[in-house]
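Just so you know, we're using numbering that gives the first Met the number 0 here: the sequence shown kicks off at 0 and counts up by one. A virtual CB, placed ideally from N, CA and C, is assigned to each residue, including glycine.
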Amino acid sequence: MSTPSVTETPAPRILVCGHSHCGALHLGRNVLLRRNRKIDYDFIGLAPGGHLPQAQDYWARIVERAPGAHVVLVWNGNEHNARFMLEPKPPIRIAVDDGSDPDPGDTGVYVPAEAVRELFRDTMEDMSARIGSILRAGPASLICTDPPPPMPDGEALRSRILQEQHFVDAAARRGVDAATIPITAFGVRRALRGIIGDLRRETCAALGVTLVPAPAAAQDQAGALLPEYWTEDATHANAAYGELLWKSVLALADPGMTGTQTP
């Protein structure tokens, strides 16, 4: 009498991709792999500065690998930092929709939230196009994540800015030393990130894609990234943050993502 053959369920394939903030997910991947050591884990990060036309090849690779994969995408996240980490002249303040002032300083030009939305809308249109291409490739699922919260004001942020050539060069173009140039206040940086986050959520909702927010456990009461999750630079988060983010991702993921039930 023959023994019925058992068809083994193929290991889930997980593709982590996107801009530089996806590095935290990669560093914290053990949280994911402990769920199922048979996971086929694939990481393709887009390094900082990966702009067109080089990025065209990058996204083509993602689309090529997307069919049947559970894709976790981290889109940008440093748009506001690249433009506004160093305080512009005159300083800006964000007039948010509820009428509150995220940084009640006594100087600065008030910028309406809608103006910020318009400034960064093109990046969301690009995000929508990239997600559309991935979805058409036939992934098993697609999840996007928010970038980490901003670091608070203080010397720790200044010391990290001094190690980043982008900011050193930006200060030099203004004829100012990066060691002394004013840094945009935390409240303004938080407000900018929040407005772009709203755009990101709207984009994902329009495409039927889940957006995982930054873990609340990684933030203080003001919404700043806690020190235990800082890296050596001014904008990214570390492996411990990546572990927290994986827990958030898995709580919202398709149960087939790891081949195990998500608690």
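Over what stretch of residues does the alpha helix (DSSP H) that includes residue i continue unbroken?
i: Asp168; result: 164-172
i: Arg200; result: 185-206
i: Ile160; result: 154-160
i: Asn29; result: 29-32
i: Glu242; result: 238-251
DSSP has residue i in a bridge; who is on the other side?
i: Ser24; result: First, the amino acid is wrong: residue 24 is Leu here, not Ser. For Leu24, which the question treats as bridged, DSSP gives no partner whatsoever.
i: Leu141; result: Val70
i: Pro111; result: Ala94
i: Ile182; result: Leu85
i: Ile43; result: Cys16
i: Leu224; result: Gln218
i: Trp58; result: Trp58 pairs with nothing; no bridge assigned.
Residues in its own chain within less than 7 Å of residue i by CB, not counting five upstream and five downstream?
i: Asp176; result: Ala170
i: His50; result: Model confidence at His50 stands at a pLDDT of 49, short of 50, so the residue's coordinates are unreliable; what they give is reported in the following sentence. If we look at His50 and ignore the five residues flanking it on each side, it has no Cβ neighbours.
i: Pro111; result: Ala94
i: Arg60; result: Ile43
i: Thr230; result: Ala236, Asn237
i: Arg232; result: Here residue 232 turns out to be Asp, not Arg, going by the sequence shown. Answer for Asp232: Arg159, Gln162, Glu163, listed in chain order.
Going by beta carbon distance, what residues of the same chain come within less than 6 Å of residue i, once the five residues before and after it are set aside?
i: Gly301; result: Residue 301 lies beyond the residue range present for the chain, which begins at 0 and ends at 262; the question has no answer from this structure.
i: Ser132; result: Val62
i: Glu242; result: Gly27, Val30
i: Phe185; result: Pro151, Asp152
Under 8 Å Cβ to Cβ from residue i, same chain only, skipping five residues before and after it: list those, please.
i: Ile38; result: Ala10, Pro11, Arg12, Ile13, Leu31, Leu32, Thr257, Gly258
i: Trp58; result: Arg129, Ser132
i: Cys16; result: Phe42, Ile43, Gly44, Leu45, Ile61, Val70, Val71, Leu72, Val73
Can you give the Cα-Cα distance for residue i and residue j, rounded to whole angstroms?
i: Asn80; j: Gly255; result: 36 Å
i: Thr122; j: His18; result: 12 Å
i: Ser158; j: Gly107; result: 25 Å
i: Thr209; j: His69; result: 12 Å
i: Asp168; j: Lys246; result: 37 Å
i: Val115; j: Ala238; result: 31 Å
i: Arg224; j: Met150; result: It is worth fixing the name first, because residue 224 is Leu in this sequence and not Arg. Taking the straight line joining both Cα atoms gives about 5 Å.
i: Asp145; j: Ala23; result: 12 Å
i: Tyr240; j: Ser140; result: 23 Å
i: Ala125; j: Thr179; result: Looking at the sequence shown, residue 125 is not Ala but Asp. Roughly 35 Å separates the two Cα atoms.
i: Cys21; j: Pro90; result: 31 Å
i: Arg188; j: Cys143; result: 22 Å
i: Tyr228; j: Leu156; result: 13 Å
i: Thr202; j: Ile160; result: 31 Å
i: Arg135; j: Leu191; result: 31 Å
i: Pro147; j: Ala65; result: 25 Å
i: Leu206; j: Asp197; result: 14 Å
Return no unless some Cβ of chain D is closer than 8 Å to the Cβ of residue i.
i: Asn29; result: Here chain D cannot be found, since the structure has a single protein chain.
In the DSSP assignment, the beta strand (DSSP E) including residue i goes from what residue to what residue?
i: Val15; result: 12-17
i: Val175; result: No beta strand (DSSP E) holds Val175; DSSP gives it neither H nor E.
i: Leu210; result: 209-211
Would you call the segment 115-130 and the segment 215-226 in contact, with 3 or more CB pairs under 8 Å? no
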